[in-house]
Amino acid sequence: MASLVGSRVERKEDKKFLTGKGRYTADINITNQTYAVFVRSPHSRAKIQKIDVSKALRADGVVSILTGEEIAKDKIGGLIAGWAIRSQDGSEMKIPANPPLAKEHANFVGEPIAVVIAESLAEAKAAAELVNVDYKVLKGVVNTAEAMNGETIHEGIDKNLCYDWLLGDRKAVEEAFAKADKIIKVDLINNRLVPNAMEPRACVTDYNTASEEITLYTTSQNPHLSRLIMSAFGGVAPENKLRVVAPDVGGGFGSKINVYNEEIVCSWASKKIERPIKWVAERTESFLTDTHARDHVTHAELAVTKDGKFLGFKNETIANLGAYARVFATVTPTYLFGPCATGVYVIPAAYTNVKAVYTNTAPIDAYRGAGRPEATYTIERLVEKAAMELGIDKTELRMRNFPKQFPFKQTLVHTIDSGDYGAGLEKAKKMSDYDGFEARRKKSAANGKLRGIGVSSYFEACGIAPSAAVMSLGCGVGLWESAEVRFNPTGQISIYTGSHSHGQSHDTTFAQIAADELGVPMENIDVIHGDTDKGTFGMGTYGSRSLTVGGIAIVNACRKIVAKGKKVAAKMLEVSENEIDFKNGEFVALKSNKKKTIGEIAFALYLPGSRDSDFKSQLPDGMEPGLIETAFFDPANFSFPAGTHICEVEIDPETGEVKVEKYTAVDDFGRIVNPNIVEGQVHGGIAQGIGQALYENAQYDETGQLVTASYMDYTMPRADNFPEFNLGFTCTPATTNPLGVKGCGEAGAIASPPAVMNAVIDALGGQEISMPATAEKVWRACKSMKKSNYKAA
Amino acid sequence: MKTFNYHAPKDVKEASKLASVNSAFLAGGMTSIPSIKLGLASYTDVIDIKHIRKLSGIKVAGKSLIIGSTTKHAEVASSKEVQKAIPSLAKLAGKIGDAQVRNRGTIGGSISNNDPSACYPSACMALNAIIHTNERKIKASDFFKGMFETALKKKEIIEAVEFQIPEKSDYQKHPNPASRYAIVGVYLAKYKDIVNVAVTGAKSCVYIDSDLSKKLSSNFSPSAIAGMKLDSSEMNSDIHASAEYRANLVLTYAKKAVEAC
Ligand SMILES: Cc1cc2nc3c(=O)[nH]c(=O)nc-3n(C[C@H](O)[C@H](O)[C@H](O)COP(=O)(O)OP(=O)(O)OC[C@H]3O[C@@H](n4cnc5c(N)ncnc54)[C@H](O)[C@@H]3O)c2cc1C
Chain A
1 MASLVGSRVE RKEDKKFLTG KGRYTADINI TNQTYAVFVR SPHSRAKIQK
51 IDVSKALRAD GVVSILTGEE IAKDKIGGLI AGWAIRSQDG SEMKIPANPP
101 LAKEHANFVG EPIAVVIAES LAEAKAAAEL VNVDYKVLKG VVNTAEAMNG
151 ETIHEGIDKN LCYDWLLGDR KAVEEAFAKA DKIIKVDLIN NRLVPNAMEP
201 RACVTDYNTA SEEITLYTTS QNPHLSRLIM SAFGGVAPEN KLRVVAPDVG
251 GGFGSKINVY NEEIVCSWAS KKIERPIKWV AERTESFLTD THARDHVTHA
301 ELAVTKDGKF LGFKNETIAN LGAYARVFAT VTPTYLFGPC ATGVYVIPAA
351 YTNVKAVYTN TAPIDAYRGA GRPEATYTIE RLVEKAAMEL GIDKTELRMR
401 NFPKQFPFKQ TLVHTIDSGD YGAGLEKAKK MSDYDGFEAR RKKSAANGKL
451 RGIGVSSYFE ACGIAPSAAV MSLGCGVGLW ESAEVRFNPT GQISIYTGSH
501 SHGQSHDTTF AQIAADELGV PMENIDVIHG DTDKGTFGMG TYGSRSLTVG
551 GIAIVNACRK IVAKGKKVAA KMLEVSENEI DFKNGEFVAL KSNKKKTIGE
601 IAFALYLPGS RDSDFKSQLP DGMEPGLIET AFFDPANFSF PAGTHICEVE
651 IDPETGEVKV EKYTAVDDFG RIVNPNIVEG QVHGGIAQGI GQALYENAQY
701 DETGQLVTAS YMDYTMPRAD NFPEFNLGFT CTPATTNPLG VKGCGEAGAI
751 ASPPAVMNAV IDALGGQEIS MPATAEKVWR ACKSMKKSNY KAA
Chain B
1001 MKTFNYHAPK DVKEASKLAS VNSAFLAGGM TSIPSIKLGL ASYTDVIDIK
1051 HIRKLSGIKV AGKSLIIGST TKHAEVASSK EVQKAIPSLA KLAGKIGDAQ
1101 VRNRGTIGGS ISNNDPSACY PSACMALNAI IHTNERKIKA SDFFKGMFET
1151 ALKKKEIIEA VEFQIPEKSD YQKHPNPASR YAIVGVYLAK YKDIVNVAVT
1201 GAKSCVYIDS DLSKKLSSNF SPSAIAGMKL DSSEMNSDIH ASAEYRANLV
1251 LTYAKKAVEA C
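Going line by line, the protein sequences match chains A and B.
Count the first sequence with this note's numbering and you get residues 1 to 793, in order.
Count the second sequence with this note's numbering and you get residues 1001 to 1261, in order.
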């Protein structure tokens, strides 16, 4: 049987999603359900003096109105930050309380203050308008760079500083800088983004008065984690009385990792009113309250010799957390950022210092790439600038500083098991016709246009997050994954995974790897996820971890199945276990060539004493019947995909419009299970990265109002903004897992912003501009260029 | 959402009779429905005029192109008559918003709304349009009064828009990358003795740039306007574009429009 791993199997999910048969949270309706609408703060920072619900309570259809006071009385806990980060002075990070309904202070526009529950959505909305909140408006702290000088937002958190974290050795870096021929400097802003999953957040909660169990249907990337957090920290219900179901989920990108206020409130309230409750976010609520992304202000320096050798790296960053610290908020700008900021290069001395600050804006958390796009942007802008200032070709400069051997121990944290960065760069150069660029630049110039080319070589650390690695950093819990492989007596297979698919196509990929392991057709395999009542505890999907961690748990469980099957086959074929070979779904006795299929073995394990066996057990003595195996996989290390992306842009200097003319991506994801799916992931990631570089920008005004809170003002890129992407792959198999796979979900979004910006800045003759490179910004830069720099026709 | 009465009258007379200070006509609903949903507008009566046959259609009569008020943008974009008589108008319609908006939004809805960044008003101004209503005929130059303001009276319904077919014309638009409305749109129409340059998006209301029009009327070439400095003092400035940038776009697109003719 040919291996399914590596082939372009059609997606099992396509039929469901393309024919509109997906079942999302908002599609779920429960008899007798009520509707929730949240009263939200219109101010970025205010003291809540009084909440008057009397008028609203009398409105038609209102069932209940609950506020922060009631939720506090019931001792329901708040939202949490999942990772402990220590400041360089040894002190613990400072985390403010984040109650599900704000009681005393509102700290960002959109923060929930009260919930109105009514018989219909229209009635809930109408009544919500009658809730009268008396606010004392305070001056909001909005600007990232200025946050430490603003008024204190959370009592006791001085300078609005969560932590001042240092990774690396400042002294060694200063010594390295003293030896440099040249110091390259950049000041960067990593613009704030709104994740914009296609499906807005939603939840339906259902309390069963007899079993006292709450069922929560929700838009989550990690239902088991949500249950754990709601139970252990929220105190909403014990885990055995809380079932969390995340059915089809229409995109997450990190914004659906967190348990949010609304899920906690509706679960608790449903128990209080003894009726089901439904809440579905409107798009404006998504803009205001989904966790946002990025928002760094960075000063970085690279010390180089005149022949282009990198000596040292400095990175001083202020990272905005928004109003509160959420689940991955504290680790994203530290351990997911700092170690990757030295990029794919040998840099003997380096440090990253991050000050994480609170502001009166929506909380920021992980978003596709989480920390690694910010890291890659920092180092790849520096390297490109170094190439310009040194007069060395940008690809040549990179080549000179790539590590030549693997495993490669970085200066900061990571030991990278495998890779070949030069091969990726060479392939990308060839595919993009890098050497033919000057001719294309001339042609553009003849038409009065500016053309630029930008390179971005990246690596990233994903497969988040191996316990051993994380514990050695002292910052949090390790994130393994689980799988259960269950045979039916008649041989079909159900695979339960703790990963969650919300666009990643696990139904297909996981079935492919299991089909290979077990030698059965893919059609016989169903992948089940997203329900805490089905399968074992699992950590969910983010950080490009599903295949490299969750997929490997499946492989390991399959191998346990085969091991058990082998014992049964040996007994049935009357040979010893080591005389049995398992291949293509068959257990073969090597000498006699007699066979038993895995289906026959499964049948025997459920019905050991059949007529065929004269009603005698076919199982070895003492063996438990049944064919179900569970595996937990905790990898030895992260997975380290890498590659080089090359972008070519053309600018119309009269309007400043930037057009992406060519985009080439060469990635090393180790072994690829399904090229179709991987290409889809890369396309999506690049689209988001080009979005960040050229279009997307979440802007707050000075009072903390989000002025880009709709698609009229927030630019989501569209298909016509992109050229055809030109994709290629190299392969150095990962050594840390049996499939040799590396994560591919985030790479596109990690590599692409600097590739695009380097191209724009190249076209502008080296003038730096910030993301997003909007037409007006680029036009201004063009105006200040000497005409001689580009020969207008 | 607030409740309202929905009417679907069969003719213009009945529609007009139903109208009051608290009503709105419903054409494509691309502006009116979101306004209601967002609480920006509320009406007691919504009068759906989509089913009035006579309001939709495209025809050429002598030197005029006449488009019924409920004709959709997609219909104008793909119309053979429009493509032949005034190709730039088909181009304009084909670049409005997105496919969903073009399949619903109407020319009548667009000009009665008179959004400062809508495209059609500039076409009306440059192409010396006459707005036919159930009560009268209004010249485009008298029709667009100010931001979201027109000469229409409450019971007045646009029946059709009559464009004067030019010798040459072009529409150039710098779309807002988010909404695809015009940050600046320049409609240029050349007639025998006169060139009209109408501008949308730049100010609070569509206007004819008389300097550009005059210069191009006497010399129809890009060089006639090259290097001109446009006054940006009354131009819009917002998160998408500054006044100075808009002024640059007006001139740049006027030049590009001449080149395209
Ligand atoms: C996302 C988006 C992008 C858009 N981009 C563009 C763009 O690029 N360029 C552009 O020009 N426009 C754009 N539009 C506007 C769109 O093209 C519609 O023309 C506009 O929304 C109104 O037309 P409608 O037919 O939907 O009118 P409706 O929303 O139905 O009505 C709007 C108003 O006009 C009145 N009205 C409608 N018809 C008549 C009539 N016959 N007589 C009297 N009054 C009438 C109604 O009473 C109402 O007050 C965009 C809209 C959206 C939502």
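Cβ atoms here follow ideal geometry from the backbone N, Cα and C, with glycine treated the same way.
N- and C-terminal bounds of the alpha helix (DSSP H) containing residue i
i, result
"Phe17/A", "13-18"
"Leu1089/B", "1087-1094"
"Glu384/A", "372-390"
"Asn1113/B", "1107-1113"
Simplified DSSP state of residue i, which is helix, strand or coil
i, result
"Gly766/A", "coil"
"Lys1256/B", "helix"
"Phe587/A", "strand"
"Thr284/A", "helix"
"Glu696/A", "coil"
"Lys309/A", "coil"
"Tyr542/A", "coil"
"Leu162/A", "Reading the sequence as shown, one finds Cys at residue 162/A and not Leu. In the structure shown, Cys162/A sits in a strand (DSSP, three-state: E or B)."
"Pro1175/B", "strand"
Residue i versus the options, residue with shortest Cα-Cα distance
i, options, result
"Met522/A", "Ile495/A, Glu70/A, Asp533/A", "Ile495/A"
"Phe1220/B", "Ser1056/B, Glu1167/B, Ile1107/B, Gly1097/B", "Glu1167/B"
"Ile1158/B", "Arg1102/B, Gly1029/B, Ser1056/B, Ala1182/B", "Ser1056/B"
"Lys409/A", "Thr342/A, Leu694/A, Glu629/A", "Thr342/A"
"Val1250/B", "Val1186/B, Ser1223/B, Ser1032/B", "Val1186/B"
"Ala122/A", "Gly1039/B, Lys1145/B, Asn1236/B", "Gly1039/B"
"Val63/A", "Lys75/A, Ala370/A, Ser270/A", "Ser270/A"
"Ile598/A", "Thr490/A, Val673/A, Phe633/A, Glu696/A", "Thr490/A"
"Ala1041/B", "Gly1029/B, Pro1121/B, Ser1237/B", "Gly1029/B"
"His1051/B", "Leu1188/B, Asn1103/B, Phe1144/B, Val1012/B", "Val1012/B"
"Asp1193/B", "Phe1148/B, Ala1093/B, His1240/B, Lys1215/B", "Lys1215/B"
"Ala362/A", "Gly251/A, Arg294/A, Ile30/A", "Arg294/A"
"Asp1115/B", "Ser1233/B, Arg1102/B, Pro1177/B, Ile1183/B", "Ile1183/B"
Residue environment, residue i, which counts as buried when at least 16 other CB atoms sit within 10 Å
i, result
"Asn360/A", "buried"
"Asp652/A", "buried"
"Thr708/A", "buried"
"Phe615/A", "exposed"
"Met539/A", "buried"
"Val357/A", "buried"
"Val9/A", "buried"
"Gly322/A", "buried"
"Glu262/A", "buried"
"Lys791/A", "Because the pLDDT at Lys791/A is just 41, under 50, the model does not fix this residue reliably, and the value given afterwards should be weighed accordingly. So Lys791/A counts as exposed."
"Gln1100/B", "exposed"
"Leu479/A", "buried"
"Asp89/A", "exposed"
Extent of the continuous beta strand (DSSP E) to which residue i belongs
i, result
"Phe1163/B", "1158-1164"
"Tyr458/A", "450-459"
"Asn1134/B", "Per DSSP, Asn1134/B belongs to no beta strand (DSSP E) and is neither H nor E."
"Cys647/A", "642-652"
Answer yes if the segment 332-350 of chain A comes into contact with the segment 707-726 of chain A, meaning at least three C-beta pairs across the two stretches below 8 Å, and no otherwise. With a cut-off of 8 Å on Cβ pairs, the segment 707-726 of chain A is not in contact with the segment 332-350 of chain A, counting fewer than three such pairs.
May I ask you to verify whether the segment 84-92 of chain A touches the segment 300-316 of chain A, counting CB pairs closer than 8 Å and requiring at least 3? Two segments are said to touch when three or more pairs of C-beta atoms, one from each, lie closer than 8 Å; by this definition the segment 84-92 of chain A does not touch the segment 300-316 of chain A.
Sufficient close CB pairs (3 or more, under 8 Å) joining the segment 460-478 of chain A to the segment 518-535 of chain A: Taking 8 Å as the limit for Cβ pairs, the verdict is that the segment 518-535 of chain A does not touch the segment 460-478 of chain A.
Pairing CB atoms from the segment 724-740 of chain A with CB atoms from the segment 1003-1019 of chain B, are three or more of them under 8 Å? Under the three-pair Cβ rule at 8 Å, the segment 724-740 of chain A does not count as touching the segment 1003-1019 of chain B.
Using 8 Å as the cut-off, can you tell me whether the segment 1017-1036 of chain B makes contact with the segment 1075-1084 of chain B, which would need three or more C-beta pairs spanning the two stretches below that distance? With the cut-off at 8 Å, the segment 1017-1036 of chain B and the segment 1075-1084 of chain B do not touch.
Validate contact between the segment 108-117 of chain A and the segment 46-54 of chain A using beta carbons, cut 8 Å, 3 pairs: By the Cβ test, the segment 108-117 of chain A is in contact with the segment 46-54 of chain A, since at least three Cβ pairs between them sit closer than 8 Å.
Cβ contact (3+ pairs, closer than 8 Å) linking the segment 599-614 of chain A and the segment 424-438 of chain A: No: fewer than three Cβ pairs fall under 8 Å.
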